[in-house]
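> Before I ask anything, let me first share the structure, which is written out below as C-alpha cells.
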Amino acid sequence: MRLRGALLGAGNIALRGHAPQWAEDPVLREAVDIVAVTDLSPSNLEAARAFFPGAAAYARAEEALEREALDFCDVCTPPFSHRGLVEEAARRGVHVICEKPLAPGLPDAESISEAVRRSAIVFEACHQYHFSPQWQAVKRLLLGLGRIYLAEYEVHRTEANEGNPHWSPAWRTDRAFAGGGILVDHGAH
29 MRLRGALLGA GNIALRGHAP QWAEDPVLRE AVDIVAVTDL SPSNLEAARA
79 FFPGAAAYAR AEEALEREAL DFCDVCTPPF SHRGLVEEAA RRGVHVICEK
129 PLAPGLPDAE SISEAVRRSA IVFEACHQYH FSPQWQAVKR LLLGLGRIYL
179 AEYEVHRTEA NEGNPHWSPA WRTDRAFAGG GILVDHGAH
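Going by our numbering, the sequence shown opens with residue 29, and the numbers climb by one from there.
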C-alpha cells in the first residue's frame with residue numbers, strides 16, 4: 029500500500045531538504061505519493077510542484093488537510109503555525125512529520141503533545157542530527173565529562189542559505205513568529 033502525503037509549506041527547508049528526499053529517494057518513491065503541496069508564495073508553490081507534477085497545489089496548508097485523503101503530512105512551515113496544523117492533522121487522524129523548532133514556546137508544545145496523545149497518530153519531529161553517528165559520538169563524549177557548568181554557543185548568522193530565492197528568514201528574528209528567538213531556533217539542533 030502506498031502512503032498519500034502532503035508537503036505543508038514549500039520554503040527553504042522544504043525545497044532544499046524534504047521535497048528532494050521525497051522525490052528522489054528510491055525507497056520513498058516506492059512507498060509514498062506526495063499528492064499535495066502548499067505555500068503562501070506562488071513561486072515557492074511552483075518550485076514544489078516541479079518535484080511532484082501531479083500534486084494538487086494549495087496556498088493554505090489547512091486546505092490540503094481539508095480536501096485531500098492523506099495518510100501523513102510533512103509540516104515545513106514556520107514554528108508559529110505548527111500547533112494549528114498538527115492539531116488539525118491529529119483531529120483528522122493524519123500522521124505528522126514536523127520540522128523544528130516544534131513550537132515557539134511551551135504552551136504550543138504542550139498542546140501539540142496533547143493532540144498527538146489524544147489521537148494516537150504517529151508523530152515525528154525532524155531532528156536528523158539525533159541519529160547522526162557523529163553527534164552520537166559527541167553525546168557519548170559529553171556524558172563522559174560529568175556535570176557541565178558552562179557552555180557557550182555563538183551564532184554568526186541567522187540566514188543559513190543567503191542567495192536562495194526561496195529563503196525568507198524574517199520570521200526567525202520576529203518574536204511573534206519564532207517565539208524564543210535564536211535559542212529556540214538553534215537550540216533544537
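We treat Cβ as the ideally placed atom computed from N, Cα and C, and that holds for glycine.
Determine contact between the region 160 to 167 and the region 135 to 149, defined as no fewer than three beta-carbon pairs at a distance below 8 Å.
Verdict: no, contact absent.
> Suppose you measure from the CA of alanine 85 to the CA of valine 150; what does that come to, to the nearest Å?
If you number the sequence shown from 1, residue 85 lands on position 57. If you number the sequence shown from 1, residue 150 lands on position 122. Rounded to the nearest angstrom, the two C-alpha atoms are 25 Å apart.
> Which of helix, strand or coil does DSSP assign to histidine 155?
Working through the sequence shown from its first residue, we reach residue 155 at position 127. Looking at histidine 155 - three-state DSSP - the assignment turns out to be coil, as it is neither helix nor strand.
> Can you give me the start and stop residues for the alpha helix (DSSP H) that valine 144 sits inside?
The sequence position of residue 144 within the sequence shown is 116, counting from 1. 134 to 147 is the extent of the alpha helix (DSSP H) around valine 144.
> If we require 3 or more residues per run, which beta strand (DSSP E) segments fall completely within the region 65 to 90?
Listed in chain order, they are 84 to 86.
> Apart from the five residues on each side of it in sequence, which residues of its chain come closer than 8 Å, Cβ to Cβ, to glutamate 152?
Taking the sequence shown and counting its residues from 1, one reaches residue 152 at position 124. Closer than 8 Å at Cβ, skipping near neighbours: Val124, Ile125, Cys126.
> If you run the structure through DSSP and keep just helix, strand and coil, what is isoleucine 62?
The residue labelled residue 62 in the question sits at position 34 within the sequence shown. Reduced to three states, the DSSP call for isoleucine 62 is strand.
> Three-state secondary structure (DSSP) at arginine 168?
Taking the first residue of the sequence shown as position 1, residue 168 is located at position 140. Helix.
> Anyone know if the C-beta pair for arginine 88 and threonine 66 falls short of 9 Å?
Along the sequence shown, read from residue 1 onward, the residue named residue 88 stands at position 60. Along the sequence shown, read from residue 1 onward, the residue named residue 66 stands at position 38. Closer than 9 Å, so yes.
> Do cysteine 101 and alanine 117 have their CB atoms nearer than 9 Å?
For this step, residue 101 is matched to residue 73 along the sequence shown. For this step, residue 117 is matched to residue 89 along the sequence shown. Closer than 9 Å, so yes.
> Are glycine 112 and glutamate 90 closer than 9 Å when you measure CB to CB?
Stepping through the sequence shown from its first residue, residue 112 is reached at position 84. Stepping through the sequence shown from its first residue, residue 90 is reached at position 62. Yes, Cβ-Cβ distance for glycine 112 and glutamate 90 is below 9 Å.
> Buried or exposed: histidine 110, going by 16 or more other Cβ atoms within 10 Å of its Cβ?
Here residue 110 refers to the residue found at position 82 of the sequence shown. Answer is buried; the Cβ neighbour count reaches 16.
> For arginine 32, which three-state DSSP category applies?
For the purposes of this step, residue 32 is taken as residue 4 along the sequence shown, with counting starting at 1. The answer is strand: DSSP assigns arginine 32 an E or B state.
> Just the C-alpha distance for valine 55 and histidine 46, rounded to the nearest angstrom, thanks.
Start at 1 with the first residue of the sequence shown, and residue 55 comes out as number 27. Start at 1 with the first residue of the sequence shown, and residue 46 comes out as number 18. C-alpha separation (whole angstroms): 14 Å.
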